[in-house]
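Residues 0 to 329 (numbering that gives the first Met the number 0) make up the sequence shown, in order.
Each residue gets a CB set at the ideal place from its N, CA and C atoms; glycine is no exception.
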Amino acid sequence: MSKNTLIAALAILLCLPVFAFGQAKVGTAGAQFLKIGVSARSAGMGDAFIGVANDASALYYNPAGIANLENREIAATHIEYPADIQYEFIGLVWPTPQWYGAIGLATYWLHTDDMIKTDYRHPRGTGQTFSAADMAMAFTYGASLTDHLSIGLSFKYINQLLETERAHGWATDAGIYYQTGYRDFKLCMMLANFGPDMKFIEETYPLPMDFRFGSSINIIQSDMNKLTFALQASRPNDNLERFNGGLEYWYNDMFALRVGKKFNYDFGKNGFLQSGGFDDRQSFSGLTSGITFGGGIKVPVSSYALQVDYAYQDMGFLDTVHRVTLDLKF
């Protein structure tokens, strides 16, 4: 089988499920925490990251990307959401040259502080509390098929908790990562969260399956300066098509600045979250809605390389969301 035939076959396999959920309704999938991006670096670029995916966060954004990592790498992210909701991610990538790639482990955890339980007799509280948490654990393998082409596959166990009720499930991610060799230009595809329906109490719901396609290229590429431009398109099974664009600038491979834009996300014409069941989104409306900013710095620590990334996103009516990621190569 030729290389071009192999690439075409893999692309067709990834695209097939897209047609199955092409007419799916908005807001019908559960386990929404699986959609949360795990990297401040990616968030700063508007989450246009599938075509970049060259660090440990590739475990989430494109499992094929880990096949190209040369060092052992661990990443940790903390996200502060409104209403005392927090999100944590920890990922580890371990190159395995003997297996022509790398393996990885990841944990995703969305959780809340204790909340006061109320009922119609005790609107101010019953004296009891409850909490909610969503968690997923994943094992990933990425393999280099050629000098330019790699593939990756992740298997995820999913657990959701609301007070004493639980739901369990599993899902897979599959990705393709193709490097052209020209200005680090990449073409990538991924199918995320493919798996059976989950059941919570007596209700079943599908997972938030998503097909993504993206690319990136170095517009400026020199010893002191590098500017990367990235684009991404996605087709989720529970929402409209979405588009992402982002820029990342590195100075002396030490300081980074990032900016991104999300198109056709849950923002109305005025840049606020849609509400009341009405959707006034337009794919390219609103100059400020969906804008993200970020930065990063690389700090040498003994023989290790530590990278610290931060991202900022305005959530309209809600508070601003801050993301911090630590990435250590060792």
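Comparing alpha-carbon positions, which option in the options lies nearest residue i?
{"i": "Asp83", "options": "Gly244, Gly259, Asp318 and Ile296", "result": "Asp318"}
{"i": "Thr324", "options": "Ala75, Asn67 and Lys34", "result": "Ala75"}
{"i": "Gly295", "options": "Arg257, His147, Met114 and Met189", "result": "Arg257"}
{"i": "Pro207", "options": "Ser221, Leu239, Leu68 and Ile102", "result": "Leu239"}
{"i": "Leu104", "options": "Met114, Val92 and Gln97", "result": "Val92"}
{"i": "Gly289", "options": "Asn243, Lys155, Tyr60 and Gln127", "result": "Asn243"}
{"i": "Lys297", "options": "Asp313, Tyr264, Ala66 and Ala255", "result": "Ala255"}
{"i": "Gly151", "options": "Ser41, Gly29, Met253 and Phe138", "result": "Phe138"}
{"i": "Ala57", "options": "Thr145, Met136, Val37 and Glu79", "result": "Val37"}
{"i": "Thr27", "options": "Thr291, Pro235, Ala310 and Tyr311", "result": "Pro235"}
{"i": "Asp133", "options": "Ile102, Gln31 and Gly50", "result": "Gln31"}
{"i": "Lys328", "options": "Met197, Thr106 and Ile65", "result": "Ile65"}
{"i": "Thr227", "options": "Arg40, Gly29, Leu33 and Lys34", "result": "Arg40"}
{"i": "Ile218", "options": "Asp183, Cys187, Ala55 and Lys198", "result": "Asp183"}
{"i": "Val320", "options": "Tyr80, Gly29, Pro62 and Phe48", "result": "Tyr80"}
{"i": "Pro205", "options": "Arg241, Ser221 and His167", "result": "His167"}
{"i": "Ser149", "options": "Glu202, Lys225, Met114 and Trp98", "result": "Trp98"}
{"i": "Leu161", "options": "Tyr264, Leu305, Asp112 and Phe48", "result": "Asp112"}
{"i": "Phe154", "options": "Ala191, Asp146 and Leu144", "result": "Ala191"}
Indicate the three-state DSSP secondary structure (helix, strand or coil) for residue i in the structure shown.
{"i": "Ile200", "result": "coil"}
{"i": "Gly64", "result": "helix"}
{"i": "Ala338", "result": "With the chain running from 0 to 329 in the structure shown, residue 338 is simply not present."}
{"i": "Tyr311", "result": "strand"}
{"i": "Ser38", "result": "coil"}
{"i": "Tyr177", "result": "strand"}
{"i": "Leu33", "result": "helix"}
{"i": "Phe329", "result": "coil"}
{"i": "Ala137", "result": "strand"}
{"i": "Tyr119", "result": "coil"}
{"i": "Ala57", "result": "helix"}
{"i": "Gly126", "result": "coil"}
{"i": "Asn263", "result": "coil"}
{"i": "Gly168", "result": "strand"}
{"i": "Val51", "result": "coil"}
{"i": "Ser301", "result": "coil"}
{"i": "Ser221", "result": "coil"}
{"i": "Thr163", "result": "coil"}
{"i": "Thr27", "result": "coil"}
Cα separation between residue i and residue j?
{"i": "Ile216", "j": "Tyr181", "result": "8 Å"}
{"i": "Leu260", "j": "Met223", "result": "According to the sequence as given, residue 260 is Lys; it is not Leu. Each residue's Cα considered, the two are about 26 Å apart."}
{"i": "Asn53", "j": "Gln85", "result": "25 Å"}
{"i": "His110", "j": "Phe88", "result": "12 Å"}
{"i": "Ala229", "j": "Lys116", "result": "45 Å"}
{"i": "Asp313", "j": "Tyr60", "result": "22 Å"}
{"i": "Val307", "j": "Ala142", "result": "27 Å"}
{"i": "Tyr140", "j": "Asp118", "result": "48 Å"}
{"i": "Gly293", "j": "Asp46", "result": "11 Å"}
{"i": "Met44", "j": "Gly124", "result": "42 Å"}
{"i": "Ile200", "j": "Gln159", "result": "11 Å"}
{"i": "Val300", "j": "Glu247", "result": "24 Å"}
{"i": "Tyr177", "j": "Leu68", "result": "14 Å"}
{"i": "Tyr156", "j": "Tyr303", "result": "31 Å"}
{"i": "Gly50", "j": "Asp196", "result": "29 Å"}
{"i": "Arg322", "j": "Ile35", "result": "11 Å"}
{"i": "Asp237", "j": "Phe193", "result": "13 Å"}
{"i": "Trp169", "j": "Ile175", "result": "21 Å"}
{"i": "Ser71", "j": "Ala101", "result": "Per the sequence shown, residue 71 should be read as Arg rather than Ser. Cα to Cα, the separation comes out at about 9 Å."}
{"i": "Ala310", "j": "Ile73", "result": "19 Å"}
{"i": "Gln220", "j": "Thr179", "result": "15 Å"}
{"i": "Asp326", "j": "Tyr250", "result": "18 Å"}
{"i": "His121", "j": "Lys185", "result": "58 Å"}
{"i": "Gly267", "j": "Thr291", "result": "Unreliable positioning characterises Gly267 in this predicted model, as indicated by a pLDDT of 44, which lies under 50. A coordinate reading is not provided."}
{"i": "Cys187", "j": "Pro96", "result": "22 Å"}
{"i": "Leu33", "j": "Glu202", "result": "19 Å"}
{"i": "Phe262", "j": "Arg241", "result": "6 Å"}
{"i": "Gly77", "j": "Asp252", "result": "Gly is not the amino acid found at residue 77; the sequence shown has His there. Using only the alpha carbons, I get a separation of about 24 Å."}
{"i": "Ala42", "j": "Asp209", "result": "18 Å"}
{"i": "Gly29", "j": "Phe129", "result": "21 Å"}
Pull the bridge partners of residue i from the DSSP assignment, please.
{"i": "Asp183", "result": "Bridge partners of Asp183: none, in fact."}
{"i": "Leu330", "result": "Outside the shown range of the chain (0 to 329) lies residue 330, about which nothing can therefore be said."}
{"i": "Trp98", "result": "None; Trp98 has no bridge partner."}
{"i": "Arg71", "result": "Paired residues: none, contrary to the question."}
{"i": "Phe210", "result": "Leu190 and Arg234"}
{"i": "Asp46", "result": "Bridge partners of Asp46: none, in fact."}
{"i": "Leu148", "result": "Tyr177"}
{"i": "Thr106", "result": "Ile89 and Met136"}
{"i": "Glu79", "result": "Gln85 and His321"}
{"i": "Leu226", "result": "Ile219 and Tyr248"}
Could you check how far apart the C-beta atoms of residue i and residue j are, in whole angstroms? I think they sit under 8 Å.
{"i": "Gly213", "j": "Ala232", "result": "7 Å"}
{"i": "Met189", "j": "Arg211", "result": "5 Å"}
{"i": "Pro62", "j": "Asp172", "result": "6 Å"}
{"i": "Thr106", "j": "Met136", "result": "5 Å"}
{"i": "Gly90", "j": "Ala131", "result": "That belief does not hold up - the Cβ atoms of Gly90 and Ala131 are roughly 23 Å apart, past 8 Å."}
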